[in-house]
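*Asks:* Residue numbers (our numbering): 13 to 140. Think of the CB as a built atom: it goes at the ideal place given N, C-alpha and C, for glycine as much as any other residue. As the structure is a computational prediction, the values presented were derived from the model and not from experiment. Here you go, one structure.
Here it is in structure tokens:
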């Protein structure tokens, strides 16, 4: 019986050259992920209106301008910073109840409807 003592050279699969390629591919995936994440974050900043709020806006002839929408976004951001979950937002003679976490306007009314009104199920208010 004869044993062959010739050493066999084992080459790792991930040579430095392969590692470089792998890292480049990971960077590509990371960049794609970062872009998708940023797009998702940006889209989350948009304000949504519940069906009820949309009906109230329409029935009460309340139009939210781009400027007011920007103000509302800032108000929601302020409410979120303070830990408010459901907020009353008062701006430009309009009262809006907003679910801060989901950035959804739940209901809306103008100054005529807010007289003698009681707002429930809110834990904060932002006046802008």
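For residue 130, is the classification buried or exposed, using 16 other Cβ atoms within 10 angstroms of its Cβ as the cut-off for buried?
*Replies:* Position 118 of the chain shown, counted from the start, is the residue given in the question as residue 130. Label assigned to residue 130: exposed.
*Asks:* Closest to residue 123 by C-alpha separation, out of 95, 103, 140, 96, would be which residue?
*Replies:* Mapped onto the chain shown, residue 123 falls at position 111. Comparing Cα-Cα distances from residue 123 to each of 95, 103, 140, 96, the minimum goes to 103.
*Asks:* So residue 88 is in the alpha helix (DSSP H); what residue range does that whole segment cover?
*Replies:* Position 76 of the chain shown, counted from the start, is the residue given in the question as residue 88. Segment 78-93, the alpha helix (DSSP H) holding residue 88.
*Asks:* At which residues does the beta strand (DSSP E) containing residue 119 begin and terminate?
*Replies:* Counted from its first residue, the chain shown places residue 119 at position 107. Note, residue 119: beta strand (DSSP E), 116-122.
*Asks:* Take residue 136 as the anchor and find which of 110, 106, 115, 128 has the nearest alpha-carbon.
*Replies:* Within the chain shown, numbered from 1, the residue matching residue 136 stands at position 124. Measuring from the Cα of residue 136, the nearest candidate turns out to be 110.
*Asks:* Per DSSP, what kind of secondary structure is residue 63 in: helix, strand or coil?
*Replies:* In the chain shown, the residue the question calls residue 63 occupies position 51. Looking at residue 63 - three-state DSSP - the assignment turns out to be helix.
*Asks:* Could you check which residue in 69, 63, 115, 72 has the C-alpha nearest to that of residue 96?
*Replies:* Numbered from its first residue, the chain shown carries residue 96 at position 84. Taking only the C-alpha atoms, the option nearest residue 96 is 115.
*Asks:* Given a threshold of 16 other Cβ atoms within 10 Å of its Cβ, counted over all protein chains shown, does residue 74 qualify as buried or as exposed?
*Replies:* Start at 1 with the first residue of the chain shown, and residue 74 comes out as number 62. Residue 74 should be labelled buried.
*Asks:* Buried or exposed: where does residue 196 fall if 16 or more other Cβ atoms within 10 Å of its Cβ makes it buried?
*Replies:* One cannot answer for residue 196 here, as it falls past the ends of the chain, which runs 13 to 140.
*Asks:* Does DSSP put residue 133 in a helix, a strand or coil?
*Replies:* The residue labelled residue 133 in the question sits at position 121 within the chain shown. Three-state DSSP puts residue 133 in coil, outside helix and strand.
*Asks:* Which stretch, first to last residue, makes up the beta strand (DSSP E) that contains residue 111?
*Replies:* The residue given as residue 111 occupies position 99 in the chain shown. Counting along the chain, the beta strand (DSSP E) containing residue 111 begins and ends at 106-111.
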